[in-house]
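Reading through the structure tokens given below for one structure.
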Amino acid sequence: MNRVIRVNMSDLTVKEEELSEKLIYDAGRGLTSKIVCEEVPPKCHPLGDKNKLVFSPGMVTGTKAPCSGRISVGAKSPLTGGIKESNAGTPTSQKIARLGIKAIIIEGMPEDDSKFYKLKIDKDSAELLSANEIIGKGMEQTNKHLISEYGEYIGIIGVGPAGEMRLSAAGICFNDPENRASRYAGRGGLGAVMGSKGLRAIIVDETDAPGVKIQDKELFNQGQKKLVEAIRNHDLTKPGGVLNAYGTSAVINVMSEVGALPVRNFSKGRFEGAEKTSGEAIAEAIEKRGGGMTGHGCHPGCIIRCSNVYPRPDGSEHVSCIEYESDWAFGANCEIDNLDDIAELIRLCNDIGLDTIETGAAVGVAMEADVIPFGDGKKAIKLLEEIEKGTPLGRIIGSGASVTGQVFSQYKVPTVKKQSMPAYDPRGVKGIGVTYSTSPMGADHTAGYAIAAEIFGVTGKLDPLTTEGKVELSQNLQISTAFLDSTGYCLFIAFAIMDIEDGFIGVLETINGLYGTSFTAEDVSKIGMDIISEEREFNRLAGFNEVNDRLPEFMKEEELPPHNNVFDISDSDLDKVWDENK
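In this note's numbering, the protein residues as written are 162 to 743.
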């Protein structure tokens with residue numbers, strides 16, 4: 162089955178279509194970007210009726226392939242003004258895939274922008290219903306209400322008050338295996354697009370779902386076994402390894418030590434509070450307090466299990482989860498070294514429906530402008546509560562770092578294409594700076610994770626402080642990542658498949674077994690490049706040019722302690738990333 166659910170919010174109709182034959186092998190980012198490129202006018206207003214919001218599970222999502230529970234969300238971004246794909250790991254993606262649904266397309270918008278709806282999907286139908294009972298509620302209460310109404314085995318997609326207010330830092334929330342409102346397609350403000358459509362939630366009921374049909378089960382199982390073994394044999398992804406034992410926040414100490422952890426709104430590269438906010442400190446607190454856990458998975462079938470559940474001092478559950486990016490955004494970036502304050506800031510983002518990276522960066526810029534002091538976790542919490550209330554100040558912060566910088570007349574605003582940079586300073590890790598600059602998505606570490614080679618030595622160590630080889634590194638990673646974002650596999654399998662050849666072969670065999678195809682490594686590169694070319698063409702038609710592929714001016718001029726480097730990869734070299742592939 163290749164169902165497409167098309168929802169028109171203008172006339173409140175829902176219809177089903179069969180996926181076009183030419184798109185039959187597209188999924189995840191490959192499909193969301195293709196539909197956006199074909200159906201959304203590049204110059205349209207992101208919060209207008211001509212924009213469309215597209216959900217698509219990955220190629221192998223819904224199968225027993227390991228770490229394959231990712232879903233992509235695509236639209237024109239109200240944050241960047243360009244095309245956007247953001248993805249999340251969640252059981253909901255698997256439920257959608259097992260229903261035979263390749264894409265959910267949300268188009269149009271209600272005449273009355275005060276009304277909100279929920280979309281209920283099952284194996285036989287999809288229908289729009291009133292969402293009056295959840296309007297204004299945070300995502301925690303929204304999930305509880307929907308579970309009480311539809312049962313504990315549903316999948317939930319939703320936006321919180323930030324999405325209702327159409328704030329540009331609003332993300333789209335998915336439930337985790339225990340039905341927490343904690344898994345986010347956070348980047349790019351896509352929650353604002355969902356809110357502009359008047360869609361408050363999607364409920365997915367997979368009862369009696371037909372499942373995912375596999376064309377060659379023997380080949381699929383063979384590939385699955387190879388990939389599992391590769392993941393379990395790699396130092397970063399194996400059971401008891403770094404990601405499993407300490408979560409992604411283990412990177413806090415690593416990046417601080419190498420001098421590339423952005424501190425105090427990208428003013429220095431080492432954080433005095435790194436030890437207090439590290440993955441090791443999180444694990445220690447969990448063990449001491451009880452009630453939480455490390456080694457938590459965002460969806461069934463995850464064997465890396467890099468998530469966590471962080472407890473309060475009394476052992477009661479506080480938040481899931483403290484990821485590296487979120488930890489940094491409210492920690493080192495704001496010079497806050499209290500894990501409980503950081504946990505509360507993340508919890509508030511989850512409940513209000515905000516991207517932690519964008520919101521943390523906006524708070525950092527506000528601190529730079531003396532709105533509140535650096536290091537004051539309690540006042541940062543109050544600032545997020547302003548967003549929840551919808552006050553003018555709250556709406557400014559909830560609109561992201563770029564808007565916050567404009568309102569408060571700040572020069573040092575760490576964004577590319579108006580999207581905030583994540584937790585790696587490009588003056589200390591040059592390859593990631595190339596990715597930030599040239600990705601169609603804006604500053605996004607996941608678009609081409611050069612950190613794998615520059616810091617972790619995957620496929621061979623590169624000096625992070627030199628410019629040599631960084632254009633080629635970022636280019637290759639962006640192409641392969643565009644493909645990986647289409648498969649439904651977690652980005653973290655890249656560590657294993659880049660270092661262990663059988664792991665990469667396993668990925669190809671699961672895909673070929675699923676579809677009955679014969680994709681090769683060369684096809685992977687072509688598919689990835691085709692996706693990026695389409696995305697860049699959308700951006701070009703939207704008005705982007707080479708000027709948009711640049712880091713902020715201050716990063717080329719202000720030295721970053723402790724190595725006192727600037728970002729010195731030339732504009733002409735940045736232009737070579739994609740010029741050679743036209």
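Every residue gets a Cβ at the ideal spot worked out from N, C-alpha and C, and that includes glycine.
Reference residue i; option with closest CA among the options
{"i": "K591", "options": "T607, A611, K579", "result": "A611"}
{"i": "D273", "options": "G356, S477, M220, Q302", "result": "G356"}
{"i": "R164", "options": "I282, A236, E549", "result": "I282"}
{"i": "Q302", "options": "A584, A342, A287, V595", "result": "A342"}
{"i": "R344", "options": "D512, G191, K631", "result": "D512"}
{"i": "G566", "options": "S598, I443, D537, A530", "result": "A530"}
{"i": "G677", "options": "A522, I185, L634", "result": "I185"}
{"i": "C228", "options": "H724, E720, D729, V668", "result": "V668"}
{"i": "R425", "options": "W739, D734, P722", "result": "P722"}
{"i": "C504", "options": "K539, E519, F535", "result": "In the sequence under discussion, the amino acid at residue 504 is Ala, which differs from the Cys named in the question. Measuring from the Cα of A504, the nearest candidate turns out to be K539."}
{"i": "Q571", "options": "E294, T552, D660, A522", "result": "A522"}
{"i": "E418", "options": "S286, G589, A330", "result": "G589"}
{"i": "V532", "options": "F569, I497, D516", "result": "F569"}
{"i": "N248", "options": "Y278, A264, F216, F656", "result": "F216"}
{"i": "L180", "options": "A264, V685, G349", "result": "A264"}
{"i": "A292", "options": "L351, Y278, D366", "result": "Y278"}
{"i": "V389", "options": "A655, G324, T174", "result": "A655"}
{"i": "H206", "options": "S238, G191, L623, E178", "result": "S238"}
{"i": "E177", "options": "G191, V201, S286", "result": "S286"}
{"i": "S686", "options": "H724, S171, A643, F427", "result": "A643"}
{"i": "V738", "options": "T224, T671, E707, K204", "result": "E707"}
{"i": "H479", "options": "I465, E486, C510, R466", "result": "C510"}
Residues bridged to residue i [DSSP beta-bridge criterion]
{"i": "A614", "result": "In DSSP, A614 forms no bridge with anything."}
{"i": "M454", "result": "V470"}
{"i": "P218", "result": "I232"}
{"i": "V577", "result": "Q580"}
{"i": "L669", "result": "Note: L669 sits in no beta bridge, so no partner."}
{"i": "F335", "result": "I318, R344"}
{"i": "N248", "result": "S233"}
{"i": "V424", "result": "K429"}
{"i": "L721", "result": "N726"}
{"i": "I262", "result": "R164"}
Within 8 Å, strictly: CB atoms of residue i and residue j
{"i": "G420", "j": "G434", "result": "no"}
{"i": "M270", "j": "G401", "result": "no"}
{"i": "C459", "j": "G704", "result": "no"}
{"i": "I666", "j": "K284", "result": "no"}
{"i": "I232", "j": "I267", "result": "no"}
{"i": "G189", "j": "P218", "result": "yes"}
{"i": "L638", "j": "T596", "result": "yes"}
{"i": "N726", "j": "I244", "result": "no"}
{"i": "S598", "j": "D710", "result": "yes"}
{"i": "E546", "j": "I558", "result": "no"}
{"i": "T409", "j": "F335", "result": "no"}
{"i": "P472", "j": "G453", "result": "yes"}
{"i": "C482", "j": "V524", "result": "no"}
{"i": "A584", "j": "L422", "result": "yes"}
Residue range of the alpha helix (DSSP H) that includes residue i
{"i": "A584", "result": "Segment: none, A584 is in no alpha helix (DSSP H) and carries neither H nor E."}
{"i": "A258", "result": "252 to 259"}
{"i": "V197", "result": "189 to 200"}
{"i": "S103", "result": "No answer is possible for residue 103: it lies beyond the span of the chain, which begins at 162 and ends at 743."}
{"i": "S647", "result": "631 to 648"}
{"i": "K737", "result": "732 to 740"}
{"i": "T596", "result": "591 to 599"}
{"i": "I464", "result": "Note, I464: premise wrong, no alpha helix (DSSP H); not H, not E."}
{"i": "I658", "result": "654 to 660"}
{"i": "G566", "result": "562 to 568"}
{"i": "G555", "result": "553 to 558"}
{"i": "M716", "result": "715 to 718"}
{"i": "E436", "result": "435 to 438"}
First through last residue of the beta strand (DSSP E) which encompasses residue i
{"i": "H479", "result": "478 to 480"}
{"i": "R167", "result": "164 to 169"}
{"i": "K176", "result": "174 to 179"}
CB contact below 8 Å: residue i versus chain C
{"i": "P322", "result": "Among the chains of the structure shown, chain C does not appear; only one protein chain is present."}
Pick out the complete beta strand (DSSP E) segments inside the stretch 354 to 411, 3 residues or longer, and give them in chain order. 360 to 365
Identify every run of the alpha helix (DSSP H) within the stretch 264 to 321, keeping only runs that are complete inside it and at least 4 residues long; order them along the chain. 300 to 311
Length-filtered (4 minimum) alpha helix (DSSP H) runs lying within the stretch 469 to 543: 485 to 491, 500 to 513, 517 to 529
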